[in-house]
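Undergrad: Final position of the sequence shown in our numbering is 221; the numbers increase by one with none missing.
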Amino acid sequence: MWQKLDFSLYFYNSVVFAVVSAGENGMAVWTPAAGESRIWEMVGTAEGTLQESAYSLQLKLTRLHNGAEWTVLRVPFSLVRAHGWLVSGLDRTAEQPVWISGNRVRLDEAAGSQTVGWYTGRTALHNPLDREVCLAVSAPGAVRLKLDGRTELDRPGAEDALPVYHRGADGQRIELQLSAGIHELEVEALRGQEPLELYVLTVAPAETEQPGILLQPE
(Lines of atoms letter the chains of each structure in order from A and count residues from 1; the text may use other names and numbers.)
(Lines give C-alpha, C1' and ligand atoms only; values in the text may rest on other atoms or scores of the structure.)
Protein backbone atom coordinates (compact mmCIF):
# COMPACT_ATOMS: atom_id res chain seq x y z
CA MET A 1 0.00 0.00 0.00
CA TRP A 2 1.54 3.29 -1.13
CA GLN A 3 0.44 6.81 -0.47
CA LYS A 4 0.80 9.41 -3.22
CA LEU A 5 1.32 13.09 -2.51
CA ASP A 6 0.85 15.61 -5.33
CA PHE A 7 2.02 19.16 -4.83
CA SER A 8 3.27 22.23 -6.67
CA LEU A 9 6.07 24.63 -5.76
CA TYR A 10 5.87 28.30 -6.77
CA PHE A 11 8.83 30.67 -6.80
CA TYR A 12 9.25 34.31 -7.78
CA ASN A 13 12.48 36.03 -8.71
CA SER A 14 13.18 39.62 -9.73
CA VAL A 15 16.90 39.79 -10.43
CA VAL A 16 18.28 38.12 -13.55
CA PHE A 17 17.43 36.97 -17.08
CA ALA A 18 15.73 33.68 -17.92
CA VAL A 19 17.87 30.76 -19.06
CA VAL A 20 17.04 27.06 -18.93
CA SER A 21 19.88 24.61 -19.47
CA ALA A 22 20.85 21.03 -18.65
CA GLY A 23 22.79 20.55 -15.45
CA GLU A 24 24.60 17.59 -13.94
CA ASN A 25 22.69 14.33 -13.39
CA GLY A 26 20.09 15.42 -15.92
CA MET A 27 18.72 18.13 -13.62
CA ALA A 28 17.41 21.37 -15.13
CA VAL A 29 19.16 24.59 -14.24
CA TRP A 30 16.79 27.56 -14.34
CA THR A 31 17.77 31.21 -14.21
CA PRO A 32 14.60 33.33 -13.90
CA ALA A 33 14.18 36.71 -15.58
CA ALA A 34 13.21 39.81 -13.69
CA GLY A 35 9.61 39.50 -12.58
CA GLU A 36 9.32 35.93 -13.88
CA SER A 37 7.62 33.18 -11.89
CA ARG A 38 7.71 29.42 -12.26
CA ILE A 39 5.76 26.44 -10.97
CA TRP A 40 7.28 23.00 -10.46
CA GLU A 41 4.85 20.12 -10.31
CA MET A 42 6.15 16.96 -8.68
CA VAL A 43 4.90 13.79 -7.07
CA GLY A 44 6.22 12.32 -3.85
CA THR A 45 5.49 8.71 -2.94
CA ALA A 46 5.76 7.33 0.58
CA GLU A 47 5.25 3.87 2.05
CA GLY A 48 1.76 3.11 3.29
CA THR A 49 3.04 2.85 6.86
CA LEU A 50 3.84 6.58 6.79
CA GLN A 51 0.57 7.98 8.11
CA GLU A 52 1.06 11.49 9.43
CA SER A 53 -1.23 14.52 9.51
CA ALA A 54 1.59 16.69 8.16
CA TYR A 55 4.94 16.04 6.49
CA SER A 56 7.95 18.28 7.08
CA LEU A 57 10.04 18.69 3.93
CA GLN A 58 12.91 20.84 2.75
CA LEU A 59 13.67 22.37 -0.62
CA LYS A 60 17.32 22.94 -1.54
CA LEU A 61 18.08 25.84 -3.90
CA THR A 62 21.66 26.09 -5.19
CA ARG A 63 22.95 29.27 -6.86
CA LEU A 64 25.49 28.63 -9.59
CA HIS A 65 27.65 31.38 -11.09
CA ASN A 66 29.97 30.62 -14.03
CA GLY A 67 29.65 26.93 -13.27
CA ALA A 68 30.65 27.31 -9.62
CA GLU A 69 28.45 26.87 -6.56
CA TRP A 70 28.08 30.11 -4.60
CA THR A 71 25.06 29.88 -2.34
CA VAL A 72 22.82 27.13 -1.01
CA LEU A 73 19.42 28.07 0.36
CA ARG A 74 17.29 25.53 2.23
CA VAL A 75 13.60 26.33 2.56
CA PRO A 76 11.58 24.25 5.04
CA PHE A 77 7.89 23.69 4.32
CA SER A 78 5.13 21.28 5.27
CA LEU A 79 2.53 19.28 3.39
CA VAL A 80 -0.73 18.98 5.31
CA ARG A 81 -3.07 16.13 4.47
CA ALA A 82 -6.69 16.73 3.60
CA HIS A 83 -9.41 15.33 5.86
CA GLY A 84 -11.20 12.17 4.75
CA TRP A 85 -14.96 12.09 5.39
CA LEU A 86 -17.84 9.73 4.68
CA VAL A 87 -20.75 11.95 3.70
CA SER A 88 -24.44 11.20 3.27
CA GLY A 89 -27.46 13.32 2.46
CA LEU A 90 -31.07 12.96 3.54
CA ASP A 91 -30.90 9.24 2.75
CA ARG A 92 -28.22 8.07 5.19
CA THR A 93 -27.87 4.72 3.42
CA ALA A 94 -25.74 6.20 0.61
CA GLU A 95 -22.39 7.26 2.08
CA GLN A 96 -19.65 8.48 -0.24
CA PRO A 97 -16.01 9.27 0.60
CA VAL A 98 -14.70 12.79 0.06
CA TRP A 99 -11.44 14.61 0.81
CA ILE A 100 -11.83 18.06 2.32
CA SER A 101 -9.04 20.58 2.85
CA GLY A 102 -9.48 23.01 5.70
CA ASN A 103 -12.12 23.16 8.43
CA ARG A 104 -15.20 23.98 6.37
CA VAL A 105 -17.14 20.76 5.73
CA ARG A 106 -19.48 21.21 2.77
CA LEU A 107 -21.73 18.22 3.48
CA ASP A 108 -24.48 19.31 1.10
CA GLU A 109 -22.03 19.98 -1.75
CA ALA A 110 -20.28 16.65 -1.17
CA ALA A 111 -23.61 14.84 -1.18
CA GLY A 112 -24.60 16.62 -4.41
CA SER A 113 -27.83 17.99 -2.97
CA GLN A 114 -29.42 21.37 -2.24
CA THR A 115 -32.45 19.95 -0.44
CA VAL A 116 -33.40 21.33 2.96
CA GLY A 117 -32.71 18.77 5.67
CA TRP A 118 -30.06 16.96 7.71
CA TYR A 119 -26.66 16.02 6.26
CA THR A 120 -24.16 13.73 7.95
CA GLY A 121 -20.40 13.39 7.89
CA ARG A 122 -18.24 10.77 9.63
CA THR A 123 -14.47 10.78 10.05
CA ALA A 124 -11.68 9.34 12.20
CA LEU A 125 -10.16 11.72 14.74
CA HIS A 126 -6.56 10.84 15.63
CA ASN A 127 -5.38 12.17 18.99
CA PRO A 128 -1.65 11.47 19.49
CA LEU A 129 -1.71 11.70 23.31
CA ASP A 130 -4.03 12.05 26.28
CA ARG A 131 -5.00 15.71 26.62
CA GLU A 132 -7.85 18.13 27.08
CA VAL A 133 -9.29 19.36 23.79
CA CYS A 134 -12.12 21.54 22.57
CA LEU A 135 -14.44 20.10 19.91
CA ALA A 136 -16.40 22.79 18.11
CA VAL A 137 -18.95 22.75 15.31
CA SER A 138 -19.56 26.30 14.12
CA ALA A 139 -22.74 26.73 12.06
CA PRO A 140 -25.70 29.12 11.88
CA GLY A 141 -28.08 26.15 11.74
CA ALA A 142 -28.75 23.24 14.06
CA VAL A 143 -25.90 20.76 14.60
CA ARG A 144 -25.32 17.45 16.35
CA LEU A 145 -21.96 15.96 17.28
CA LYS A 146 -21.23 12.39 18.30
CA LEU A 147 -17.91 11.05 19.57
CA ASP A 148 -17.47 7.26 19.58
CA GLY A 149 -21.23 6.85 19.25
CA ARG A 150 -22.07 9.12 22.21
CA THR A 151 -23.92 12.40 21.62
CA GLU A 152 -21.81 15.30 22.89
CA LEU A 153 -23.67 18.22 21.30
CA ASP A 154 -27.24 18.66 20.06
CA ARG A 155 -27.92 22.33 19.60
CA PRO A 156 -30.13 24.63 17.53
CA GLY A 157 -28.67 27.35 15.37
CA ALA A 158 -26.36 30.01 16.79
CA GLU A 159 -26.99 33.66 16.01
CA ASP A 160 -23.34 34.57 16.67
CA ALA A 161 -21.83 31.74 14.60
CA LEU A 162 -18.54 32.85 13.07
CA PRO A 163 -16.32 30.97 10.55
CA VAL A 164 -13.28 31.21 12.83
CA TYR A 165 -10.66 28.53 13.32
CA HIS A 166 -10.26 28.71 17.10
CA ARG A 167 -13.74 28.48 18.58
CA GLY A 168 -17.42 27.78 18.04
CA ALA A 169 -20.38 29.74 19.35
CA ASP A 170 -21.74 29.13 22.86
CA GLY A 171 -23.44 25.76 22.92
CA GLN A 172 -21.61 24.60 19.77
CA ARG A 173 -18.39 23.57 21.50
CA ILE A 174 -17.43 21.19 24.26
CA GLU A 175 -14.21 20.68 26.19
CA LEU A 176 -13.29 17.18 27.33
CA GLN A 177 -10.37 14.95 28.23
CA LEU A 178 -9.67 12.91 25.10
CA SER A 179 -7.65 9.71 25.33
CA ALA A 180 -4.87 8.93 22.89
CA GLY A 181 -5.88 6.93 19.83
CA ILE A 182 -8.38 7.00 17.00
CA HIS A 183 -11.95 8.13 17.71
CA GLU A 184 -15.03 8.12 15.49
CA LEU A 185 -16.43 11.60 14.98
CA GLU A 186 -19.89 12.12 13.49
CA VAL A 187 -21.41 15.50 12.66
CA GLU A 188 -24.95 16.25 11.52
CA ALA A 189 -25.95 19.67 10.22
CA LEU A 190 -29.32 21.06 9.21
CA ARG A 191 -29.32 22.82 5.84
CA GLY A 192 -31.78 25.60 5.22
CA GLN A 193 -32.34 27.51 2.00
CA GLU A 194 -28.71 28.64 1.91
CA PRO A 195 -25.63 26.38 1.46
CA LEU A 196 -24.19 24.93 4.65
CA GLU A 197 -21.73 27.06 6.60
CA LEU A 198 -20.32 24.31 8.80
CA TYR A 199 -16.86 24.35 10.38
CA VAL A 200 -15.55 21.40 12.41
CA LEU A 201 -12.66 22.30 14.70
CA THR A 202 -10.40 20.52 17.18
CA VAL A 203 -8.46 23.09 19.18
CA ALA A 204 -6.91 23.70 22.59
CA PRO A 205 -9.24 24.49 25.53
CA ALA A 206 -10.03 28.09 26.43
CA GLU A 207 -8.50 27.92 29.91
CA THR A 208 -4.69 27.77 29.82
CA GLU A 209 -2.23 27.31 32.65
CA GLN A 210 0.75 28.27 30.51
CA PRO A 211 0.03 30.98 27.95
CA GLY A 212 2.34 31.53 25.04
CA ILE A 213 4.76 29.09 23.43
CA LEU A 214 7.49 27.20 25.24
CA LEU A 215 10.46 26.38 23.04
CA GLN A 216 12.62 23.47 24.14
CA PRO A 217 15.90 22.74 22.33
CA GLU A 218 16.31 19.16 21.18
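We put the CB at the ideal spot given by N, CA and C, even for glycine. Since this is a predicted model, take the numbers as computed values, not measurements.
If we ignore side chains and look at the alpha-carbon of each, how far apart do L188 and D133 end up?
TA: Taking the straight line from one Cα to the other gives about 17 Å.
Undergrad: The alpha helix (DSSP H) spanning A113 covers which residue range?
TA: Run containing A113: L110 to A114, per the alpha helix (DSSP H) assignment.
Undergrad: Go to A192, then tell me how far its beta strand (DSSP E) extends in each direction, as first and last residue.
TA: Where A192 is concerned, the enclosing beta strand (DSSP E) stretches over G184 to R194.
Undergrad: Please look up how many angstroms separate the CB atoms of R176 and L138, rounded, as I've assumed it's under 8 Å.
TA: Confirmed, about 7 Å.
Undergrad: May I have the straight-line CA-CA distance separating V108 from Y202, to the nearest angstrom?
TA: C-alpha separation (whole angstroms): 6 Å.
Undergrad: Can we say the stretch 104-122 touches the stretch 71-81, given the rule of at least three CB pairs closer than 8 Å?
TA: Taking 8 Å as the limit for Cβ pairs, the verdict is that the stretch 71-81 does not touch the stretch 104-122.
Undergrad: Pull up the CB-CB distance for Q196 and V146, whole angstroms please, since I reckon it's below 8 Å.
TA: Incorrect: roughly 17 Å between the Cβ atoms, too far for contact.
Undergrad: How many whole angstroms separate the CB atoms of S91 and A85, which I take to be in contact at a CB cut-off of 8 Å?
TA: The pair is not a contact, with the Cβ atoms about 19 Å apart (cut-off 8 Å).
Undergrad: As a quick exercise: from R95, S56 and N69, pick the residue whose alpha carbon is nearest that of S81.
TA: If we check each option's Cα against that of S81, S56 comes out closest.
Undergrad: Spatial neighbours of S59 within its chain, please: C-beta separation below 6 Å, excluding the five flanking residues on both sides.
TA: If we look at S59 and ignore the five residues flanking it on each side, its Cβ neighbours are S81.
Undergrad: Please name the residue or residues paired with W88 in a DSSP beta bridge.
TA: Its beta-bridge partners are V101.
Undergrad: Counting C-beta neighbours from all protein chains within 10 Å, is the total for T123 16 or more, i.e. buried, or is it exposed?
TA: That one is buried.
Undergrad: By the three-class DSSP mapping on this structure, what secondary structure does E178 have?
TA: Here E178 sits in strand by DSSP.
Undergrad: When the Cα atoms are used, what is the spatial distance from S222 to T205?
TA: Since the displayed the chain opens at 4 and closes at 221, residue 222 lies outside it and no answer follows.
Undergrad: Beta-carbon within less than 6 Å of V101's beta-carbon, same chain only, minus the 5 sequence neighbours each way: which residues are those?
TA: Taken in chain order, the residues that qualify are W88, V90 and A113.
Undergrad: Per DSSP, which one or two residues make a beta bridge with T118?
TA: None; T118 has no bridge partner.
Undergrad: Between which two residues does the beta strand (DSSP E) harbouring T205 extend?
TA: Y202 to V206 is the span of the beta strand (DSSP E), which, as asked, contains T205.
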